[in-house]
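If you're matching them up, the sequences are chains A and B in order.
So for the first sequence, the numbering used here puts the first residue at 161; every next one is plus one.
So for the second sequence, the numbering used here puts the first residue at 161; every next one is plus one.
The C-beta atom is built at its ideal place from N, Cα and C for all residues, glycine as well.
Since the model is a prediction, treat every value here as computed from it, not as a measurement.
Number of protein chains: 2
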Amino acid sequence: MKKYNVAVVGATGLVGGTILKVLEGRNFPIENIYFLSSKKSAGNSISFKNNKYIVEELDENSFDKSLDFVFFAAGGQVSERFAKTAANSGAVVIDNSSVFRMEKDVPLIVPEVNPKKAFDNHGIIANPNCSTIQSILPLKPLHDRFKIRRVIYSTYQAVSGSGMGGIRDLEEGEMKFYPHQIRSNTLPHIDSFLDNGYTKEEMKMINETKKILNDDSIKVTATTVRVPVKNCHSVSINLEFEEPFEMDQVYKVLESFPGVKIKDDVKNNVYPMPLDVSGSDDVYVGRIRRDFSVDNGLNIWTVADNIRKGAATNAVQIAELLINKH
Amino acid sequence: MKKYNVAVVGATGLVGGTILKVLEGRNFPIENIYFLSSKKSAGNSISFKNNKYIVEELDENSFDKSLDFVFFAAGGQVSERFAKTAANSGAVVIDNSSVFRMEKDVPLIVPEVNPKKAFDNHGIIANPNCSTIQSILPLKPLHDRFKIRRVIYSTYQAVSGSGMGGIRDLEEGEMKFYPHQIRSNTLPHIDSFLDNGYTKEEMKMINETKKILNDDSIKVTATTVRVPVKNCHSVSINLEFEEPFEMDQVYKVLESFPGVKIKDDVKNNVYPMPLDVSGSDDVYVGRIRRDFSVDNGLNIWTVADNIRKGAATNAVQIAELLINKH
Numbered sequence: 161m162k163k164y165n166v167a168v169v170g171a172t173g174l175v176g177g178t179i180l181k182v183l184e185g186r187n188f189p190i191e192n193i194y195f196l197s198s199k200k201s202a203g204n205s206i207s208f209k210n211n212k213y214i215v216e217e218l219d220e221n222s223f224d225k226s227l228d229f230v231f232f233a234a235g236g237q238v239s240e241r242f243a244k245t246a247a248n249s250g251a252v253v254i255d256n257s258s259v260f261r262m263e264k265d266v267p268l269i270v271p272e273v274n275p276k277k278a279f280d281n282h283g284i285i286a287n288p289n290c291s292t293i294q295s296i297l298p299l300k301p302l303h304d305r306f307k308i309r310r311v312i313y314s315t316y317q318a319v320s321g322s323g324m325g326g327i328r329d330l331e332e333g334e335m336k337f338y339p340h341q342i343r344s345n346t347l348p349h350i351d352s353f354l355d356n357g358y359t360k361e362e363m364k365m366i367n368e369t370k371k372i373l374n375d376d377s378i379k380v381t382a383t384t385v386r387v388p389v390k391n392c393h394s395v396s397i398n399l400e401f402e403e404p405f406e407m408d409q410v411y412k413v414l415e416s417f418p419g420v421k422i423k424d425d426v427k428n429n430v431y432p433m434p435l436d437v438s439g440s441d442d443v444y445v446g447r448i449r450r451d452f453s454v455d456n457g458l459n460i461w462t463v464a465d466n467i468r469k470g471a472a473t474n475a476v477q478i479a480e481l482l483i484n485k486h
Numbered sequence: 161m162k163k164y165n166v167a168v169v170g171a172t173g174l175v176g177g178t179i180l181k182v183l184e185g186r187n188f189p190i191e192n193i194y195f196l197s198s199k200k201s202a203g204n205s206i207s208f209k210n211n212k213y214i215v216e217e218l219d220e221n222s223f224d225k226s227l228d229f230v231f232f233a234a235g236g237q238v239s240e241r242f243a244k245t246a247a248n249s250g251a252v253v254i255d256n257s258s259v260f261r262m263e264k265d266v267p268l269i270v271p272e273v274n275p276k277k278a279f280d281n282h283g284i285i286a287n288p289n290c291s292t293i294q295s296i297l298p299l300k301p302l303h304d305r306f307k308i309r310r311v312i313y314s315t316y317q318a319v320s321g322s323g324m325g326g327i328r329d330l331e332e333g334e335m336k337f338y339p340h341q342i343r344s345n346t347l348p349h350i351d352s353f354l355d356n357g358y359t360k361e362e363m364k365m366i367n368e369t370k371k372i373l374n375d376d377s378i379k380v381t382a383t384t385v386r387v388p389v390k391n392c393h394s395v396s397i398n399l400e401f402e403e404p405f406e407m408d409q410v411y412k413v414l415e416s417f418p419g420v421k422i423k424d425d426v427k428n429n430v431y432p433m434p435l436d437v438s439g440s441d442d443v444y445v446g447r448i449r450r451d452f453s454v455d456n457g458l459n460i461w462t463v464a465d466n467i468r469k470g471a472a473t474n475a476v477q478i479a480e481l482l483i484n485k486h
């Protein structure tokens, strides 16, 4: 079996560290692995598959290593500065930032949803926004079957989505990372605000939904909210379809889609919750019920581990997709 | 100035205790006041306006006191058993439970929204659901001006809505009150589940919205969620209107409505949040922005103190409404 040279940029961060765990856990076929970071974290040691590695400082020459895959998980500025250099070295970049997601020649991939697009890459593949990934998994089979007309998202996002800074604010009750205390509070504010009154996070959900489903006719709006939860995002999704449906069709369509798990037995208080889902690679869907306020309307509730399926796992799955077709 | 004989049923609970504070704070004209509760809490002493009172056990004879107003805040079963007796004694019952809300001859009152209906009572006036109250305040002036076609609610509800049991579960990280741990979690489950897959809380928001706005043509759906916040509910509201609007009209309509405060300066990270709103009697509205996914669409975010405006303050305001017309 062929083995690959892999580098992880931002390996000391929350998503980068989880990429390592996922590469280990899924036994990704690795020949050589390199860990790259800013000057601040360079020199630290990282253990991977029982070996110790020293984190190297990222610079223009970091990619002269016949790399096959470079995972970027160090934020938008680092991706903006170094991703193209990495791609030009011949590696495929899988980028967790939002920098390239909406670029026309950059595929935006959720492996269960639009795998073929990954092969149209020009060296950079974008990993979608975490809340979008966990929403798009249930949306894809429903769209294929009943054609989505409109989507309304309201999110309940965990502090791990902001990295270690967010977790510290929650656990220490301070406000070093967020502009306001997050403990015992809700902040309708994720990423920065745009002139149209939406946050960047909201516009990511709106635009990425259309791009991944490859259908600009779908109408989407979003309200994204940080809640005092350590890990796993929840999303309340309201859907309107072109086609009529029966509820048993909805269940069948969802339960047969890879990566989606139905957890919906409300009479026994069973529904997806962050505490149950943390550590899982699946997207859990529950509270599935007809919305009687519109023709062909449906309400659902999804929960997923935003660091795993919402980031690290999805990124590694993209690489797996490419090597399985080699 | 005329003074009134008042009784509070459930005075030792979270809402009942806040009714006392609100009666004191607003200097409600009281001749005599009585505190009634279950056998368990009877005999306790309560201080009100610098006097000490002994809590009496509630029974069929508790209302033989020429009472003018009886506030019920002891849950649905107590209201079901005693509210009609209290009303038959000649008092006006202001009931915080959901038992009578949808009954045809029981007015469901938010004083800023439908004050005149309060005078059509037959001895019982219902105080609406907490999440409904804080949603209906901004909805009312928008409905009057642009006519609401459809409302989609997603709530972020504080544990104080469950009384002291909910607060203890959050603060002690246990699950004595809720079926699952609420700390660092989200529970898409408030009140019990119905056969249609909705919770009673969701159906309250749907049905009470139509009743208070006195318009059954409005389409409403809801997803209600408990979040690990001590006090103050937040609601993400998506609206579709019959009439077109300009954003400056929306701001004007909202800011001129009593009980509504706009808090919407996102460039300076200003938006309504539970920690800021706790203790206030107003409903705060922010994140006001056009929803581009539908004609005449609008997204807003409301936060209010669910124990005060969502329960105690609204109840006392109903009584004030009646005495000011005497």
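When 8 Å is used as the limit between beta carbons, Gln341/A is near these residues of chain B: Leu435, in chain order. For Asn192/B, the secondary structure class from DSSP, reduced to helix, strand or coil, is strand.
Put simply, the CB of Lys300/B is far from chain A, with every gap to its CB atoms at 9 Å or more. When the beta-carbon positions are compared, Val166/A and Ile190/A come within less than 9 Å of each other. Using a 10 angstroms sphere on the CB of Phe231/B, the tally of other CB atoms reaches 16 or more, which defines it as buried.
For Asn204/A and Ser198/A, the gap between their C-alpha atoms comes out near 11 Å. Of the candidates Ile483/A, Val476/A, Glu480/A and Asn484/A, the residue whose Cα lies closest to the Cα of Thr178/A is Val476/A. For Glu184/B against Lys209/B, the beta-carbon gap comes to about 6 Å, under 8 Å, which counts as contact. When DSSP states are grouped into helix, strand and coil, Asn459/A belongs to the strand group. Here the region 424-431 of chain B does not lie against the region 277-297 of chain A, with fewer than 3 beta-carbon pairs under 8 Å apart. Take Ala246/B, set aside five residues on each side of it, and the residues of its chain with a beta-carbon closer than 6 Å to its own are Phe223, Val230 and Val253, in chain order. The count of Cβ pairs closer than 8 Å, one atom from the region 391-400 of chain A and one from the region 310-320 of chain A, reaches three, so the stretches are in contact. One alpha carbon belongs to Ala286/A, the other to Lys307/B, and they sit about 42 Å apart. Contact check for Leu373/A against His303/A passes: the beta carbons are separated by less than 9 Å. Under the three-state reduction of DSSP output, Asn187/A falls in the coil class, being neither helix nor strand. Rounded to whole angstroms, the gap between the alpha carbons of Gly326/A and Val168/B is 44 Å. Per DSSP, Ser205/B is one residue of the beta strand (DSSP E) stretching across Ser205 to Phe208. Three or more beta-carbon pairs separated by less than 8 Å are not found between the region 440-447 of chain A and the region 375-386 of chain A, which leaves the two stretches without contact. Look at the region 377-398 of chain A: the residues with a C-beta under 7 Å from a C-beta of chain B are Lys379, Val380, Thr381, Thr383, Val385, Val387, Pro388, Val389, Lys390, Ser394, Ser396 and Asn398.
Spanning the alpha carbons of Asn398/A and Ala479/B requires a straight line of approximately 38 Å. Neighbours of Asp451/A in chain B, taken as residues at a C-beta separation under 7 Å, are given in chain order as Thr381. In the three-state reduction of the DSSP assignment, Arg328/A falls in the helix class. Look at the region 281-293 of chain A: it has no residue with a C-beta under 9 Å from a C-beta of chain B. Contact of Gly457/B with chain A is assigned, a C-beta pair being separated by under 9 Å.
Assignment of Asp304/A by DSSP, reduced to helix, strand and coil, places it in the helix class. Annotation for Gly323/A: no beta strand (DSSP E) segment contains it, and DSSP assigns it neither H nor E. Ranked by how close their Cα comes to the Cα of Val437/B, the residues Leu458/B, Lys469/B, Phe417/B and Asn484/B have Lys469/B in first place. In the structure shown, the three-state DSSP call for Ser198/B is coil. According to DSSP, His393/A shares a beta bridge with Ala464/A. Residue environment for Ser207/B: exposed (fewer than 16 other C-beta atoms within 10 angstroms of its C-beta).
Rounded to whole angstroms, the gap between the alpha carbons of Met324/A and Lys336/A is 11 Å. Taking C-alpha positions only, Phe242/A is separated from Gly176/A by approximately 16 Å. Neighbours of Phe353/B in chain A, taken as residues whose beta carbon is under 7 Å from its own, are Val426 and Lys427 in chain order.
For Tyr358/A, the C-beta contacts it makes with chain B under 7 Å involve Arg449, in order along the chain.
Within chain A, no residue has its beta carbon less than 8 Å from that of Thr369/B; the closest one is some 11 Å off. With fewer than 16 other Cβ atoms from the protein chains shown falling within 10 Å of its own Cβ, Leu354/A counts as exposed.
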